[in-house]
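In full-length UniProt numbering, the protein residues as written are 1 to 298.
Don't be surprised by glycine CBs; every beta carbon is placed ideally from N, CA and C.
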Amino acid sequence: MIERVIPARRKDLGGFEVGRVLPAPLARMVGPFIFFDHMGPADFAPGLPRSVDVRPHPHIGLSTVTYLLSGEIMHRDSVGSEQPIRPGEVNWMTAGRGITHSERFEKGRREGDRLDGLQTWLALPEADEETDPGFVHFDAAELPAFDEAGVRGRLIAGRALGLAAPVPVHSPLAYLHLELDAGARFTVPAEYAERGVYVARGDVEIDGQPVPDTHMALLGRGRPGVLAAPRGPATVMLLAGEPVGPRFIEWNFVSSRKERIEQAKADWRAGRMKLPDLDHDEFIPLPPDPVPPPNPMS
């Protein structure tokens, strides 16, 4: 049963738009998933300006996963990684006590491209928030996949449906990419406490209730849900996991402790966080602190 449906809120990042789903006012997290952006779809013409790139910036207390439906992004980070990501592949970066990285649209600049993908952050358990930073990449062929009854699926990370992905996760979770043919049905497993179903393309129903394009349905606990694509093909991302506890999130920082975020802000402002080895000539400055609302009693 659907408990809540969250629409993607469109945000312009300066050259392309994203649909931001998490965090939302009424749903901060799904298991450890604390941030979920749908990038694009956006068509890039050759000669794309460098201002569209995501310049070096920092993270703490989380893992990020970039997963593309189309397009290509070049990743560089402060642990020495340089890795393009293409559709069906996984770039999994663990920030831990601190990492910096950039995301460049170099293929789009050279020859044009169509960007369509998902970027997700997962909060680390408290015991792992200060772990060493790291980065791993997996080709599509390394990820478990299945194809049956009009449903093609790939397990991006975690465990589900008797499958286990090689990605080194820090808490119990599942992240699935599903392609449903028109009329196909899929049973959303109930093995995790919290589950979200995001419709990237098409329209679906869950237990007979409609979920439109670019919306995420949050499912109730304890029972499977029947996902169907009665009107046409659909692309769906399934997020599931066990809660890791409440988290603070500010700019690119996630932590169970507000003071740790303040320390990260001070470190970035003072230049104490190492920039990517292969991309260190520019960076995104720390945004100003938000202005608190006026006190109506003053």
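Please classify residue i: does DSSP put it in a helix, a strand, or coil?
i              : result
tryptophan 268 : helix
glutamate 129  : coil
isoleucine 2   : strand
glutamate 242  : coil
How far does the alpha helix (DSSP H) with residue i in it extend, from its first residue to its last?
i          : result
lysine 107 : 106-111
Give every residue of the same chain whose Cβ lies closer than 6 Å to the Cβ of residue i, excluding the five residues on either side of it in the sequence, and list them in chain order.
i                : result
phenylalanine 35 : Leu22 and Trp121
proline 46       : Glu111 and Gly112
proline 84       : Glu72 and Met74
Among the residues of its own chain, which have a CB less than 7 Å from the CB of residue i, if the five just before and after it don't count?
i             : result
arginine 159  : Ala174
glutamate 130 : Gly96 and Arg97
proline 230   : Gly183 and Glu205
glycine 80    : Asp277
At which residues does the beta strand (DSSP E) containing residue i begin and terminate?
i                 : result
lysine 11         : 9-12
methionine 93     : 90-94
alanine 42        : 33-44
proline 56        : 54-59
valine 197        : 194-201
proline 210       : 209-211
aspartate 181     : It is not in any beta strand (DSSP E) - aspartate 181 carries neither H nor E in the DSSP assignment.
leucine 227       : 225-228
phenylalanine 283 : Unbroken run through phenylalanine 283: none, as it is neither H nor E.
histidine 137     : 134-138
Cutting at 8 Å between CB atoms, please list the residues of its own chain near residue i, excluding the five before and the five after it.
i             : result
aspartate 147 : Gly153
threonine 100 : Pro56, His57, Pro58, His59, Asp77, Ser78, Met273, Lys274, Leu275, Pro276 and Phe283
histidine 280 : Pro56
Quick one: using the 10 Å Cβ neighbour count with 16 as the cut-off for buried, is residue i buried or exposed?
i             : result
threonine 187 : exposed
proline 168   : exposed
aspartate 77  : buried
methionine 1  : exposed
arginine 50   : exposed
lysine 107    : buried
proline 32    : buried
glycine 61    : buried
aspartate 139 : exposed
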